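Visitor: Have a look at this one before I ask anything.
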Amino acid sequence: MRQLLSARELSPEIVHKLFDRAAHLRAEKSIPALLQGVHVLSVFFEESTRTRLSFESAARRLGAQVMSFATSQSSVKKGETLLDSVKNLLAIAQGPSVVVVRHAASGAARFLMTELGGVPVVNAGDGIHEHPTQALLDAWTLSQALGTLKGKHVLILGDIAHSRVAHSDLILLKMLGAKVTVCGPGHLIPREVESLARVAHDLDAVVAEADAVMCLRVQQNRHADMVLPDLGEYRRFWGLTAERGRKLKPSAAILAPGPANFGVEIDAEVGQSERSWILRQTSNGVWIRMAVLAEIAQGGLER
Amino acid sequence: MNPMRSFSILGARVIDPASGLDREGDVHVVDGVLAASPAPKGRGETQTISAQGLWVLPGLIDLHVHLREPGDSRKETIESGLRAAVKGGFTSVACMANTRPTNDHPSVTAWILKRAAEANLSRVFPVGAVSKNLEGKVLAPIASLVAEGARAISDDGRPVANSRLMRQAMEIARSCGTTIISHAEDPWLMEGSDMNEGPMSAELGLKGNPAEGEEIMVAREIALSRLTGCAVHIAHVSTARAVRMIREAKKEGVRVTAEVTPHHLTLTDRACASWDTHHKMAPPLRSEADQAACLEGLADGTIDCIASDHAPHGCEDKKVPWPEAACGVIGLETSVAATYALVVKKKIGLRRWIEALTSAPAKILGIPHGSLRVGSAADLVVFDPAARWKYSAKTEGASLSANSPFEGWSFEGRIVGTYVNGQKVFHEPTWRPRS
Numbered sequence: 001m002r003q004l005l006s007a008r009e010l011s012p013e014i015v016h017k018l019f020d021r022a023a024h025l026r027a028e029k030s031i032p033a034l035l036q037g038v039h040v041l042s043v044f045f046e047e048s049t050r051t052r053l054s055f056e057s058a059a060r061r062l063g064a065q066v067m068s069f070a071t072s073q074s075s076v077k078k079g080e081t082l083l084d085s086v087k088n089l090l091a092i093a094q095g096p097s098v099v100v101v102r103h104a105a106s107g108a109a110r111f112l113m114t115e116l117g118g119v120p121v122v123n124a125g126d127g128i129h130e131h132p133t134q135a136l137l138d139a140w141t142l143s144q145a146l147g148t149l150k151g152k153h154v155l156i157l158g159d160i161a162h163s164r165v166a167h168s169d170l171i172l173l174k175m176l177g178a179k180v181t182v183c184g185p186g187h188l189i190p191r192e193v194e195s196l197a198r199v200a201h202d203l204d205a206v207v208a209e210a211d212a213v214m215c216l217r218v219q220q221n222r223h224a225d226m227v228l229p230d231l232g233e234y235r236r237f238w239g240l241t242a243e244r245g246r247k248l249k250p251s252a253a254i255l256a257p258g259p260a261n262f263g264v265e266i267d268a269e270v271g272q273s274e275r276s277w278i279l280r281q282t283s284n285g286v287w288i289r290m291a292v293l294a295e296i297a298q299g300g301l302e303r
Numbered sequence: 304m305n306p307m308r309s310f311s312i313l314g315a316r317v318i319d320p321a322s323g324l325d326r327e328g329d330v331h332v333v334d335g336v337l338a339a340s341p342a343p344k345g346r347g348e349t350q351t352i353s354a355q356g357l358w359v360l361p362g363l364i365d366l367h368v369h370l371r372e373p374g375d376s377r378k379e380t381i382e383s384g385l386r387a388a389v390k391g392g393f394t395s396v397a398c399m400a401n402t403r404p405t406n407d408h409p410s411v412t413a414w415i416l417k418r419a420a421e422a423n424l425s426r427v428f429p430v431g432a433v434s435k436n437l438e439g440k441v442l443a444p445i446a447s448l449v450a451e452g453a454r455a456i457s458d459d460g461r462p463v464a465n466s467r468l469m470r471q472a473m474e475i476a477r478s479c480g481t482t483i484i485s486h487a488e489d490p491w492l493m494e495g496s497d498m499n500e501g502p503m504s505a506e507l508g509l510k511g512n513p514a515e516g517e518e519i520m521v522a523r524e525i526a527l528s529r530l531t532g533c534a535v536h537i538a539h540v541s542t543a544r545a546v547r548m549i550r551e552a553k554k555e556g557v558r559v560t561a562e563v564t565p566h567h568l569t570l571t572d573r574a575c576a577s578w579d580t581h582h583k584m585a586p587p588l589r590s591e592a593d594q595a596a597c598l599e600g601l602a603d604g605t606i607d608c609i610a611s612d613h614a615p616h617g618c619e620d621k622k623v624p625w626p627e628a629a630c631g632v633i634g635l636e637t638s639v640a641a642t643y644a645l646v647v648k649k650k651i652g653l654r655r656w657i658e659a660l661t662s663a664p665a666k667i668l669g670i671p672h673g674s675l676r677v678g679s680a681a682d683l684v685v686f687d688p689a690a691r692w693k694y695s696a697k698t699e700g701a702s703l704s705a706n707s708p709f710e711g712w713s714f715e716g717r718i719v720g721t722y723v724n725g726q727k728v729f730h731e732p733t734w735r736p737r738s
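The listed protein sequences correspond, in order, to chains R and B. Everything in the first sequence is counted per the working numbering, starting at 1 for the first residue and increasing by one. Everything in the second sequence is counted per the working numbering, starting at 304 for the first residue and increasing by one.
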């Protein structure tokens, strides 16, 4: 693996290899310093807590040096571009490096990969395009909760159109044989999803058959035009309320990429129940990201 | 007699759709004017140029270019833009008003004409703005712009969102005898968009601009043209539905004309999968069905002319993540070769193609060019239909910018000589005509 920009780069073989690797790393008493002497540049041009800390924790556990770049404190305020910022960080690192990048522009990770000519890039979320490590940790968590993904009914709720998490999840879940249904308001589910999932708009009609429900975060901060005029309306029609939680199969697993808006896309009663795997998703994220970084390190970091 | 502007081109295939001409023979220029025969003997030697195997066509006309001056001279100057024009065979260009300052005042129009005269290459016909600063709020002084030399009026770059304002502009334009050129896209459907809306935009996670945005605005412009009697020209048509509506409107007698770009005729939204921002422009590259309809429209005359929408941008505008990149590509130097390929593939007739680059745009602008009629100014080009060449904007382009989707493409057919008023303004170094 030379980079991870999109879930489309994965295959069932690579995915299971990553799952096995993550499981081994989690079970190890002492973790091998596979990234000793490597700089992991954590370049976050968008607000993030858990993803950035998750990547940085993963990198440090593998013995890497972490350089953390967050735009609020950076020279981006002086007009420095994404490319220049990363080139300067690489000039400081002066050694084998992996760039982990989150940016508001779709295609930003690929752009860096193209312009940096050889430095491995891991996409930590680019615009509304993809978030492949999230999809990996979601799929791993689901396989822990359900035993397997083949033939399982996974229900993804919310703003599919603007969710890079959903985009990567849809690709990966289909690849692994799950039966996916998406449900949300009509203007937030693009027609093109029909090739990857069943589309539903009436949540109550589909909630009972789900083996797992993934609640996407309502993204009020991202939209310039307020596409959700009323959060109460959203919860009423597409929220995983306590009432809908009671209609779920007893064995159903509940996931969310977070941070969850309890009382909007999911009620606290459901999101904090024993069927919720939300916190385990967060923990799993560290091991999955370690597996990805370890694979890339083994692919060779020299240009 | 000016010996520099009198010459004869011998043995070429001379094609002039405007006068129905397509023959093997000679072309004579005397004192910069097309003549039936060479200058009479005794008035000095007339230079003769052998053009065996080559074609002589009327000088080409591009009615949609962005010369970027005043204001954005790092991307292009009037002079560099005209160098690109003559290299591409264009003896006349119409330049859009979205400069800085906007060409919304006759002083700017005059400045542009002065710089063009100093460059002494192609003829320049400025297009004046519809609204002040292209803001779409208040009309620009259209009558003054036309009096100063503007040959058409447009807010191109932007659609005119306010229908009442566009109607008023059309009324004035009609009374001044000029044409409104419309960038016909619904402003809110296109806002913030990155590419055509469709399976490709969904896959790439880029905000889509639906074809319906163009449909809506073209319908409006046709309706307003019908209401006001003003001639309206639809810039860079890119969708099947727009072509269909224009065809119907023409049958009805509405004064609507249209243009299409070479990039829309040769590329679709699939090209965006490369993430190369040289495929980002407005309107965006569309679907295969849209492209086919545009090609059919050009072939049957629904779309009157080819226009490049030459839009120079620097590296700093394009070498950024896709959503941040500026829209637009250069095109003056590749229009001919890129569209001649369609003639070779028999997608469009030869005569229609030449007409789309000469007499059709001349008619829309109301200028006395685009033909080889005896007595008209000797604006002409020599074209080598068999030349095989590779285009590189980066290494050989005359434009100051290199933002071309055709970088590195191999082409068949090349302009080897360009003359304005009988004066040679471009000569391809590899063409060595025997005298």
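Ideal placement from N, C-alpha and C gives every residue a C-beta, glycine not left out. As the structure is a computational prediction, the values presented were derived from the model and not from experiment.
How many Å lie between R:Y234 and B:D593 at the Cα?
Guide: The residue you call residue 234 of chain R lines up with position 234 of the first sequence. The residue you call residue 593 of chain B lines up with position 290 of the second sequence. So the alpha carbons of these two residues sit roughly 37 Å apart.
Visitor: Could you name the residues of the same chain whose beta carbon sits closer than 6 Å to that of R:G63, not counting the 5 residues immediately before and after it, in chain order?
Guide: What you label residue 63 of chain R is simply residue 63 of the first sequence in a count that begins at 1. Closer than 6 Å at Cβ, skipping near neighbours: A33, L35, Q36.
Visitor: Can you find the residues in the same chain that come closer than 6 Å, C-beta to C-beta, to B:D612, ignoring five residues on each side of it along the sequence?
Guide: As a working note, residue 612 of chain B is residue 309 in the second sequence. Excluding residues within five positions, the ones whose Cβ falls inside 6 Å are H367, H539, T564.
Visitor: Taking only runs that begin and end inside the segment 379-404 of chain B, name each unbroken alpha helix (DSSP H) of 4 or more residues, in chain order.
Guide: Runs of the alpha helix (DSSP H) inside the segment 379-404 of chain B: 381-390.
Visitor: Check for me: the beta strand (DSSP E) holding B:F714 runs from which residue to which?
Guide: Here the question's residue 714 of chain B lines up with position 411 in the second sequence. Element bounds for B:F714: 713-723.
Visitor: As a quick exercise: from R:A58, R:T81, R:M175, R:F44, pick the residue whose alpha carbon is nearest that of R:N123.
Guide: Taking the first residue of the first sequence as 1, we reach residue 123 of chain R at position 123. Cα-wise, what sits closest to R:N123 is R:F44.
Visitor: Thinking B:A432 and B:A476 are a contact (beta carbons under 8 Å), I'd like their distance in whole angstroms, please.
Guide: Sequence index remark: in the second sequence, residue 432 of chain B carries index 129 (1-based). Sequence index remark: in the second sequence, residue 476 of chain B carries index 173 (1-based). Not quite, the Cβ-Cβ distance comes to about 12 Å (not below 8 Å), so this is no contact.
Visitor: Start and end of the alpha helix (DSSP H) containing R:R26?
Guide: In the first sequence, the residue the question calls residue 26 of chain R occupies position 26. Element bounds for R:R26: 12-27.
Visitor: Are the C-beta of R:R164 and some C-beta of chain B separated by less than 8 Å?
Guide: As a working mapping, residue 164 of chain R is identified with position 164 in the first sequence. R:R164 counts as touching chain B.
Visitor: Using DSSP with H/G/I as helix, E/B as strand and the rest coil, what is B:Q471?
Guide: The residue you call residue 471 of chain B lines up with position 168 of the second sequence. It is helical.
Visitor: Give me the residue from R:R61, R:L82, R:A23 with the minimum Cα distance to B:V623.
Guide: Residue mapping note: residue 623 of chain B aligns to position 320 of the second sequence, counting from 1. Selected option, being the one with the closest Cα: R:L82.
Visitor: Strictly below 8 Å CB to CB, what residues from chain B border R:F111?
Guide: Counted from its first residue, the first sequence places residue 111 of chain R at position 111. Ordered by position in chain B, the residues that pass the 8 Å Cβ test against R:F111 are W578, V623, P624, W625.
Visitor: Going by DSSP in three states, B:D620 sits in which element: helix, strand or coil?
Guide: For the purposes of this step, residue 620 of chain B is taken as the residue at position 317 of the second sequence. Residue state, collapsed to three classes: helix.
Visitor: Just list the residues that DSSP pairs R:L157 with in beta bridges.
Guide: Here residue 157 of chain R refers to the residue found at position 157 of the first sequence. Beta-bridge pairing links R:L157 to R:C183, R:C215.
Visitor: Give the interface partners of B:A505 over in chain R, defined as CB-CB distance under 7 Å, in chain order.
Guide: For the purposes of this step, residue 505 of chain B is taken as the residue at position 202 of the second sequence. Per Cβ cutoff of 7 Å: P190, E192.
Visitor: If you draw a straight line from the alpha carbon of R:V286 to that of R:F111, how long is it in whole angstroms?
Guide: For the purposes of this step, residue 286 of chain R is taken as residue 286 along the first sequence, with counting starting at 1. For the purposes of this step, residue 111 of chain R is taken as residue 111 along the first sequence, with counting starting at 1. C-alpha separation (whole angstroms): 26 Å.
Visitor: Within this structure, are the beta carbons of B:D742 and B:A663 separated by less than 8 Å?
Guide: Nothing can be reported for residue 742 of chain B: it is not among the residues displayed for chain B, which extend from 304 to 738.
Visitor: I need the straight-line Cα distance from B:C597 to R:S85, nearest angstrom please.
Guide: Within the second sequence, numbered from 1, the residue matching residue 597 of chain B stands at position 294. Within the first sequence, numbered from 1, the residue matching residue 85 of chain R stands at position 85. Near 43 Å, if we compare the C-alpha coordinates of R:S85 and B:C597.
Visitor: My output table needs one value for R:V40: the three-state DSSP class, helix, strand or coil.
Guide: Your numbering for residue 40 of chain R matches position 40 in the first sequence. It is a strand residue.
Visitor: Have a look at B:T605, B:A689, B:I718, B:P732 and flag the residue whose alpha-carbon is nearest the alpha-carbon of B:A388.
Guide: Sequence index remark: in the second sequence, residue 388 of chain B carries index 85 (1-based). That would be B:I718, whose Cα lies nearest to the Cα of B:A388.
Visitor: Would you kindly work out how many angstroms separate the C-alpha atoms of B:L507 and B:I651, rounded to a whole number?
Guide: As a first step, residue 507 of chain B is located in the second sequence; it is residue number 204 there, counting from the start. As a first step, residue 651 of chain B is located in the second sequence; it is residue number 348 there, counting from the start. If you take the alpha carbons of B:L507 and B:I651, they lie about 33 Å apart.
Visitor: Per the DSSP calculation, B:H536 is bridged to which residue(s)?
Guide: One-based indexing of the second sequence puts residue 536 of chain B at position 233. Note: B:H536 sits in a beta bridge opposite B:I484, B:T560.
Visitor: On the CB-based measure, 16 or more other CB atoms within 10 Å of its CB, does R:L136 come out buried or exposed?
Guide: In the first sequence, residue 136 of chain R corresponds to position 136, counting from 1. So R:L136 counts as buried.
Visitor: Strictly by DSSP, which residues pair up with B:S590?
Guide: For the purposes of this step, residue 590 of chain B is identified with residue 287 of the second sequence, where counting begins at 1. Note: B:S590 sits in no beta bridge, so no partner.
Visitor: Name the DSSP beta bridge partners of R:E130, please?
Guide: Taking the first residue of the first sequence as 1, we reach residue 130 of chain R at position 130. Answer is R:D126, bridged to R:E130.
Visitor: At a Cβ threshold of 8 Å, is B:L492 touching chain R?
Guide: Sequence index remark: in the second sequence, residue 492 of chain B carries index 189 (1-based). Judged by the 8 Å Cβ criterion, B:L492 is not in contact with chain R.
Visitor: Check whether chain B comes within 8 Å of R:I331, counting only Cβ atoms and requiring the distance to be less than that.
Guide: Past the edges of chain R, shown from 1 to 303, lies residue 331 of chain R, and the structure says nothing about it.
Visitor: Could you run through the segment 128-150 of chain R and flag, in chain order, every residue whose CB is less than 7 Å away from some CB of chain B?
Guide: Residues I128, H129, E130.
Visitor: From R:I278 to R:G271, what distance separates their C-alpha atoms?
Guide: Locating residue 278 of chain R in the first sequence gives position 278, counting from the first residue. Locating residue 271 of chain R in the first sequence gives position 271, counting from the first residue. If you take the alpha carbons of R:I278 and R:G271, they lie about 7 Å apart.
Visitor: Taking the straight line between their C-alpha atoms, what separation do you get for R:D159 and R:V218?
Guide: Counted from its first residue, the first sequence places residue 159 of chain R at position 159. Counted from its first residue, the first sequence places residue 218 of chain R at position 218. Distance between the alpha carbons of R:D159 and R:V218 is about 7 Å.
Visitor: Just confirm the distance between the C-beta atoms of R:L196 and R:L170, as a whole number of angstroms; I'd bet it's less than 8 Å.
Guide: Here residue 196 of chain R is taken as the residue at index 196 of the first sequence, counted from 1. Here residue 170 of chain R is taken as the residue at index 170 of the first sequence, counted from 1. Between R:L170 and R:L196 the Cβ distance is about 4 Å, and since that is below 8 Å, they are a contact.
Visitor: Tell me, to the nearest whole angstrom, how far the beta carbon of B:C618 is from that of B:M584; I am working on the premise that it is less than 8 Å.
Guide: In the second sequence, the residue the question calls residue 618 of chain B occupies position 315. In the second sequence, the residue the question calls residue 584 of chain B occupies position 281. Contact doesn't hold; Cβ gap of about 17 Å is too wide.
Visitor: Kindly indicate which residue of B:F686, B:A681, B:W656, B:V685 has the alpha-carbon position closest to the one of B:A320.
Guide: Here residue 320 of chain B is taken as the residue at index 17 of the second sequence, counted from 1. It is worth fixing the name first, because residue 320 of chain B is Pro in this sequence and not Ala. Checked all of B:F686, B:A681, B:W656, B:V685; the closest Cα to B:P320 is B:W656.
Visitor: For a contact defined as C-beta to C-beta under 7 Å, what are the partners of B:P502 on chain R?
Guide: Here residue 502 of chain B refers to the residue found at position 199 of the second sequence. The answer, in chain order, is E192.
Visitor: Could you have a look at B:P688 and say whether DSSP puts it in helix, strand or coil?
Guide: Within the second sequence, the letter at position 385 stands for residue 688 of chain B. DSSP places B:P688 in strand when its eight states are reduced to three.
Visitor: The alpha helix (DSSP H) spanning R:A93 covers which residue range?
Guide: Counting from 1 along the first sequence, the entry for residue 93 of chain R is found at position 93. Unbroken alpha helix (DSSP H) run through R:A93: 82-93.
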